[in-house]
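Residue numbers (this note's numbering), protein chains in the order written: chain L, 111 to 193; chain C, 111 to 193; chain Z, 111 to 193; chain D, 111 to 193; chain H, 111 to 193.
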């Protein structure tokens, strides 16, 4: 997983039916992490807010353990890191 | 996922039978995203047009949620980002 | 997927039994694509020749849609791009 | 797999239910490895301590062989390298 | 797949039970390949020796076709390249 900071979100009205109801957060990868400073879009299922530091799972990991097996996502916020 | 802009398309007449009927779009990754400025080829199932800003799912995510389990693709346009 | 040019092939006599009968092509990633100029080895199931411009699917995508579910490959030529 | 050194850990109180009970270690990739010097977060199921040199499996590999098929993780410490 | 040269091996006494009996080889990626000059750890099921030039499959490909579906590995030597 990588650690990142939620810096915003994006809205997509026209999207895959399987994606309806999901929030797309913009996550900026934390310093010293792999891909430092770069951004990716992750689904948020745990209610992370802008400015929070989060754990992001990538690849097929983004779809396991939360009933999202059939949702076309490759990144998900799976935890909020304690201060 | 990553955000990118559709900048063109490619035609492949000789291809895997499983790919017949799909459109191959050239997507350029948006600024500040991971792999910024680089291009990849993604299948389009939602009717994105050239110049539109899109959400691209990579890896096995490209094949779930849209009946493409047996189609050899590793990137798909899954949403169009609102202006 | 990525676009690349077939620039050669490699021979492997001692290999996994599951790989017997496959051709290993050296593909050089096209300009402006992600990983531009770099090379990878892809299985060819559609008869691409040296010098041809091809579409390469990576990851598990390389094994779907062509009866290769049990073949240990992570890249496959899935289309030849029209001139 | 990659070789890395355990340099710390992170705590996440609010997380995916499927992640409860797991330890999140910060692993710094060893010199000369791919992504040298960069850090990632890996689940630890074998009791690695800070300062130890470990083997990390990434992607879906992080979830096989240890009853974690439904845990949203993309990196796991799977071995401790002998001195 | 990538082409690399076997440059050594690592020993891990404390490891995932599912990994027992496997050899961990250090492979250095060949010139002009993606990730040129970088190293990764791959399982060897075909008896490659140090100094040999090999084909490495990454990701889930490392676990198919050789009864390793439940072994947490993300890279495997699947062929030895002829001289």
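All C-beta atoms in this analysis are idealised placements derived from N, C-alpha and C, irrespective of residue type, glycine included.
Listed along chain D, the residues sitting closer than 7 Å to residue 184(H) by beta-carbon distance are 111, 167, 168, 169 and 171. Counting along the chain, the unbroken beta strand (DSSP E) around residue 120(Z) starts and ends at 112-120. Taking C-alpha positions only, residue 179(H) is separated from residue 173(H) by approximately 5 Å. With a cutoff of 8 Å on beta-carbon distance, residue 164(H) and residue 118(H) are scored as not near each other. Restricting attention to alpha helix (DSSP H) runs no shorter than 4 residues, the region 128-176 of chain D encloses none.
Linking residue 122(L) to residue 156(C) through their CA atoms gives a straight-line distance of about 12 Å. Chain L places no beta carbon closer than 8 Å to that of residue 176(D), leaving this residue out of the contacts.
Distance from residue 188(H) to residue 167(H) at the Cβ level is roughly 5 Å; contact confirmed, criterion being Cβ atoms closer than 8 Å.
DSSP places residue 183(Z) in the coil class of the three-state scheme, outside both helix and strand. Here residue 130(Z) is exposed. Its C-beta has fewer than 16 other C-beta atoms within 10 Å. Residue contact check for residue 119(C) against chain Z: no CB pair falls below 8 Å.
Residue-level contact by beta carbon holds for residue 151(C) and chain Z, with a gap shorter than 8 Å.
Here residue 151(D) is buried. Its C-beta has 16 or more other C-beta atoms within 10 Å.
What residue 125(C) touches in chain Z, judged by beta-carbon distance under 8 Å, is 156, 165, 188, 189 and 190, going in chain order. Taking a C-beta cut-off of 7 Å against chain C, the contacting residues of the region 130-148 of chain Z are 142, 143 and 144, listed in chain order. Ranked by Cα distance from residue 153(D), the first of 175(D), 127(D) and 134(D) is 134(D). Non-local beta-carbon contacts of residue 190(Z) in its own chain, meaning distances under 6 Å to residues more than five positions away in sequence, involve 158, 162 and 164 in chain order. Residue 170(H) places its beta carbon less than 8 Å from that of residue 170(D). DSSP, read as helix, strand or coil, puts residue 191(D) in coil. By the C-beta density criterion, residue 126(Z) is buried, having at least 16 other C-beta atoms within 10 angstroms. Residue 149(Z) sits close to residue 138(Z), with the two beta carbons spaced by under 8 Å. The C-beta of residue 181(C) comes closer than 8 Å to at least one C-beta of chain Z. Within its own chain, the residues whose Cβ lies closer than 8 Å to the Cβ of residue 128(Z), once the five positions on either side in sequence are excluded, are 180, 181 and 182, listed in chain order.
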